[in-house]
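These protein sequence lines map, in sequence, to chains S and Y. Just so we're aligned: the first sequence equals residues 12 to 244 in our numbering. Just so we're aligned: the second sequence equals residues 601 to 932 in our numbering. Even for Gly, the Cβ is constructed at its ideal location relative to N, Cα and C. Since we're looking at a predicted model, the values are computed, not measured.
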Amino acid sequence: MSDQPGPKGLTHAAVMDWLTRFAATVRSVEPELTALDQKAGDGDFGGNLVTGMDGVRRALDALAAGGGNGERSRRGPDAPLDAAARVFLDDVGGTSGPLFGLLFQELADALGMAADPPGTAALALGTAAGTAAIQRVGEAEVGDKTMVDALVPAARALASCEPTGDPAYALHVAAVAAHRGARSTTDLRARRGRASYTGDHARGVPDPGALTVALLFASAHAELTSLSRLPVS
Amino acid sequence: MPQYFRDSPESLVPDALAGFAAAHADLVAYHPDHGYFRTRHCAPTRRVGLVSGGGSGHEPLHSGFLGTGMLDASCPGRIFASPHNRQIFEASRAVARPDGVLHIVKNYTGDRINFSIAAERLAHEGIRCARVLIDDDIASDSDDIAVGRRGTGATLIIEKILGAAADEGRGLEDLIALGTDVTRRARSLAVASAAHNTPASGAPAFGLPDNVLEFGVGIHGERAEGTTPHAPLGKLIETMTDQLLAALPDTAGTRVLALVNGLGSITSLELYGIRHAVAKALDDRGVGLDRSLTGTFVSALDMRGFSLTLFATDAETLRLWDAPAHTPAWPL
Numbered sequence: 012m013s014d015q016p017g018p019k020g021l022t023h024a025a026v027m028d029w030l031t032r033f034a035a036t037v038r039s040v041e042p043e044l045t046a047l048d049q050k051a052g053d054g055d056f057g058g059n060l061v062t063g064m065d066g067v068r069r070a071l072d073a074l075a076a077g078g079g080n081g082e083r084s085r086r087g088p089d090a091p092l093d094a095a096a097r098v099f100l101d102d103v104g105g106t107s108g109p110l111f112g113l114l115f116q117e118l119a120d121a122l123g124m125a126a127d128p129p130g131t132a133a134l135a136l137g138t139a140a141g142t143a144a145i146q147r148v149g150e151a152e153v154g155d156k157t158m159v160d161a162l163v164p165a166a167r168a169l170a171s172c173e174p175t176g177d178p179a180y181a182l183h184v185a186a187v188a189a190h191r192g193a194r195s196t197t198d199l200r201a202r203r204g205r206a207s208y209t210g211d212h213a214r215g216v217p218d219p220g221a222l223t224v225a226l227l228f229a230s231a232h233a234e235l236t237s238l239s240r241l242p243v244s
Numbered sequence: 601m602p603q604y605f606r607d608s609p610e611s612l613v614p615d616a617l618a619g620f621a622a623a624h625a626d627l628v629a630y631h632p633d634h635g636y637f638r639t640r641h642c643a644p645t646r647r648v649g650l651v652s653g654g655g656s657g658h659e660p661l662h663s664g665f666l667g668t669g670m671l672d673a674s675c676p677g678r679i680f681a682s683p684h685n686r687q688i689f690e691a692s693r694a695v696a697r698p699d700g701v702l703h704i705v706k707n708y709t710g711d712r713i714n715f716s717i718a719a720e721r722l723a724h725e726g727i728r729c730a731r732v733l734i735d736d737d738i739a740s741d742s743d744d745i746a747v748g749r750r751g752t753g754a755t756l757i758i759e760k761i762l763g764a765a766a767d768e769g770r771g772l773e774d775l776i777a778l779g780t781d782v783t784r785r786a787r788s789l790a791v792a793s794a795a796h797n798t799p800a801s802g803a804p805a806f807g808l809p810d811n812v813l814e815f816g817v818g819i820h821g822e823r824a825e826g827t828t829p830h831a832p833l834g835k836l837i838e839t840m841t842d843q844l845l846a847a848l849p850d851t852a853g854t855r856v857l858a859l860v861n862g863l864g865s866i867t868s869l870e871l872y873g874i875r876h877a878v879a880k881a882l883d884d885r886g887v888g889l890d891r892s893l894t895g896t897f898v899s900a901l902d903m904r905g906f907s908l909t910l911f912a913t914d915a916e917t918l919r920l921w922d923a924p925a926h927t928p929a930w931p932l
């Protein structure tokens, strides 16, 4: 996949590998996500997510093969995220799928406008913009037991990092913050989304959307710290 | 058990969309790739495209009101389900005018979210987009319902008045202000003597004892909070009229427009009887009836019931109501 240990930052290859890794992670935890959503929702979350990431994988393959028909540069670090945004916004059902699409869209914009390769500042900008868009659309606040419970702390963590600092470290901080936020949803009663109709049945169950946000940042961190990208000389 | 006429539960909506497109081919075009309808004729003076949509099962809403003087595009969802954001996004992009698009959205969580996602995508492409949220149903006006009142019959009134205003070349800000004001001045209430039947099974969505009405139903077969004995019609209409007038923001000296709307399987015979009772109830209360519309416009599959919408009129909104419209289902 990646040709060489690249410069520190989110190169085109690193973003391709990030999303590929995220797709594999999502597939491996799909039964758990579905089980959680069945306890506190309508049970379609895991399936929608896997279907979406399968579509993303096909879009990434097309991108790697020189296909795709986006107007963006196909070799930019934003191109894979833009492809993911289109798949999630256009083809994924339910509401949380398209909301992930908004996050991908804003991340793509921020990475596309940043210096090459984009680093911590672009990640912070894109995550903040994606979180804001998701909150405008879903009107959820922290504590409503939704993906926002993981996104807001992740965005804050990224914003607190040195903008020119190591993006791998920033992603580590974001993943930990998102994971902590996702765990904090366990004891909440849902106030938004399908789980809000299940009342106290949702207590004791972490929100699968919030967990998925944590997995997204963890996948990015894992990618940037994978052996192939560590400076070995 | 009552059975729907269709090949299969899955074919009900797509076959109806194809049939609608063919039946009104002179007025509307269907875009199957993206799942939206677009009018073939609209005033060149328009600066804003009007887009609405929502679950199927509410026919003739919304697609029946595509055309001159009303909507530019409509997005039908699956039965009682919100359209996908892609339908709304593509429809909006197709009919956007120099001043952008206005989304006319009934207040349901799914519709709100999907129209909002489409709006984010339009903003991303630099297309102006705003929304008028319809929340006229007083039965869902409760502190326990955090999401607010549902949007029901007033949708038709808003689509008509905003359509006429858009034809006059008004800008986006102006239409938002008008739409917000019209929404504020409209309230609805619905009753049913029998639930709709679920297309997949033919089973009723809920059961009701004889001689009991479900008082305050929604348009998706949502049960009401309470029931009421099946009293004589005049008595029922008096109760509904009192509740609606009390809920209107400025009732002092009010003159109203009344929409008597069937929910799917009530007869025209009954609807006109209801229209008669509404006129009497308003007259008894000293409220003038400026205009009325009677028929099935915002249905709930085959629910056996009706909704009553009262809208506090003024000279401006009456003028816009009276403006000509030419659509598959606009009756005037």
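Between A805/Y and G816/Y the beta-carbon gap is near 15 Å, outside 8 Å, which marks them as no contact.
Following the DSSP letters along the chain, one finds R891/Y inside the beta strand (DSSP E) bounded by residues G888 to G895.
Contact annotation for I713/Y against chain S: T106, P109, L110, V148, G149 and E150 [CB-CB distance below 9 Å, chain order]. By the Cβ test, the region 791-800 of chain Y is in contact with the region 893-904 of chain Y, since at least three Cβ pairs between them sit closer than 8 Å.
Here DSSP, grouped into helix, strand and coil, assigns K19/S to coil. For the 8 Å CB-CB criterion, P676/Y and N714/Y do not form a contact. Counting only residues of its own chain and dropping the five nearest sequence neighbours on each side, L702/Y has a CB closer than 8 Å to the CB of V648, G649, L650, V651, C729, A730, R731, V732, L762, A766, L772, L775, I776 and G779. Measuring C-alpha to C-alpha distances from V856/Y to each of A915/Y, T827/Y, H830/Y and T839/Y identifies A915/Y as the nearest.
Under the 8 Å criterion on CB atoms, I717/Y is classed as interfacial with respect to chain S. Along the region 681-707 of chain Y, the positions whose C-beta sits under 8 Å from a C-beta of chain S are H684, N685, R686 and F689, read in chain order.
Counting the other CB atoms within 10 Å of its CB gives N811/Y a total below 16, which places it among the exposed residues. Taking 8 Å as the threshold, the shortest C-beta distance from R721/Y to chain S falls below it. Judged by their CB atoms, V103/S and T62/S are nearer to each other than the 8 Å cut-off. Residue-level contact check: A231/S does not touch chain Y, since none of the beta carbons of chain Y fall below 8 Å from its beta carbon. Within the same chain, L182, H183 and A186 come within 6 Å of H232/S by CB-CB distance, once the 5 residues on both sides are set aside. Contacts with chain S (Cβ-Cβ distance below 7 Å) from the region 655-670 of chain Y involve no residue at all.
Listed by position along chain S, the residues whose Cβ is nearer than 8 Å to that of G710/Y are T106. Not one beta carbon of chain S lies nearer than 8 Å to the beta carbon of H820/Y. A622/Y counts as exposed, since fewer than 16 other beta carbons sit within 10 angstroms of its beta carbon.
Under the three-state reduction of DSSP output, I866/Y falls in the coil class, being neither helix nor strand. If you draw a straight line from the Cα of L617/Y to the Cα of A188/S, it comes to about 47 Å. M124/S sits exposed, since fewer than 16 C-beta atoms from the chains shown fall within 10 Å of its C-beta. In this structure G753/Y touches S907/Y by the C-beta definition: roughly 5 Å separates them, less than 8 Å. As the crow flies, the alpha-carbon of L114/S is around 21 Å from that of D48/S. The C-beta of A179/S comes no closer than 8 Å to any C-beta of chain Y.
Rounded to the nearest whole angstrom, the CA to CA distance from L722/Y to P602/Y is 43 Å. Linking H641/Y to E610/Y through their CA atoms gives a straight-line distance of about 31 Å.
D883/Y and E838/Y have their C-alpha atoms roughly 11 Å apart.
Identification of chain S residues near H631/Y by a Cβ-Cβ cut-off of 9 Å yields none; the smallest Cβ-Cβ distance measures about 14 Å.
Between A718/Y and F689/Y, the gap from beta carbon to beta carbon is short of 8 Å. For D48/S, no chain Y residue has a Cβ inside 9 Å of its Cβ, as the nearest lies near 17 Å away. Under the DSSP assignment, L702/Y falls in the beta strand (DSSP E) whose first and last residues are V701 to K706.
Neighbourhood of A144/S in chain Y, by CB distance below 8 Å: E720, in chain order. T196/S sits close to K156/S, with the two beta carbons spaced by under 8 Å.
Scanning chain Y for C-beta atoms nearer than 9 Å to the C-beta of D160/S yields nothing, as the closest lies near 17 Å away.
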